[in-house]
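Residue numbers (mature numbering (1 follows the signal peptide of the UniProt record, and there is no 0)): -21 to -1, 1 to 113.
The beta-carbon is built from N, C-alpha and C at its ideal position, and this holds for glycine as well.
As the structure is a computational prediction, the values presented were derived from the model and not from experiment.
Remarks on the structure that follows.
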């Protein structure tokens, strides 16, 4: 079990020391909690805060789209900016490559590749309208 650590006395985001991955420019993706919900927390270096704040503004604009992750909160502490986002349960690639998917007729009957492609395309199209390249 991971122990949650509040970021500050304001306690907006609680971080669980479980790394979900790494992104460009020193960004670390962690599991966290915001208002009782599990979230993905991106921890960005302060040097890239200007870029990150622009991304946060764009995420706030795209919050009403069903195929774009939901932005919850941002919080600064020491040399980092923490951004709380909707936690996704996994990557499509990981699902498609998994032994469970390959061996499960039930999973393959539920998953609709055309619908998934339409959803991905709709989300990317929405981001492109906001001038976000993803």
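Within a Cβ cutoff of 6 Å, which residues of the same chain sit near residue i, ignoring the five residues on either side of it in sequence?
| i | result |
| --- | --- |
| residue 66 | 17, 18 and 19 |
| residue -19 | Below a pLDDT of 50, predicted positions are generally treated as unreliable, and residue -19, at 45, falls in that range; no measurement from the model is reported. |
| residue -21 | Residue confidence for residue -21 is low, a pLDDT of 35 falling below 50, so the modelled location carries little weight; the figure read from the coordinates is stated next. So the list is empty, once near-sequence residues are dropped. |
| residue 102 | 46 and 47 |
| residue 87 | none |
| residue 31 | 23 and 60 |
| residue 5 | 24 |
Is it buried or exposed, residue i, if we count other Cβ atoms within 10 angstroms and call 16 or more buried?
| i | result |
| --- | --- |
| residue 1 | exposed |
| residue 132 | Residue 132 cannot be examined here, being either before or after the span of the chain that is shown, -21 to 113. |
DSSP state of residue i, grouped into three classes?
| i | result |
| --- | --- |
| residue 65 | strand |
| residue 100 | helix |
| residue -5 | strand |
In chain order, what residues of the same chain have a beta carbon less than 7 Å from the beta carbon of residue i, not counting five sequence neighbours either side?
| i | result |
| --- | --- |
| residue 48 | 64, 65 and 67 |
| residue 58 | 24 and 25 |
| residue 52 | -10, -9, 13 and 63 |
| residue 71 | 95 |
Roughly how far, in whole angstroms, is the beta-carbon of residue i from the beta-carbon of residue j, given that I think they are within contact range, below 8 Å?
| i | j | result |
| --- | --- | --- |
| residue 27 | residue 11 | No, residue 27 and residue 11 are not in contact; Cβ-Cβ is about 19 Å, not under 8 Å. |
| residue 107 | residue 41 | So it is not a contact: roughly 11 Å between Cβ atoms. |
For residue i, which residues of its own chain have a beta-carbon under 8 Å away from its beta-carbon, when the five flanking residues on both sides are left out?
| i | result |
| --- | --- |
| residue 79 | 86 |
| residue 39 | 50 |
Quick one: is the Cβ of residue i within less than 7 Å of any heavy atom of the ligand SAH?
| i | result |
| --- | --- |
| residue 34 | The ligand SAH is not part of the structure shown, which contains no ligands of any sort. |
- Message: Suppose only complete runs of 3+ residues qualify. What are the beta strand (DSSP E) ranges in the segment 11 to 36, listed by chain order?
- Response: 16 to 24
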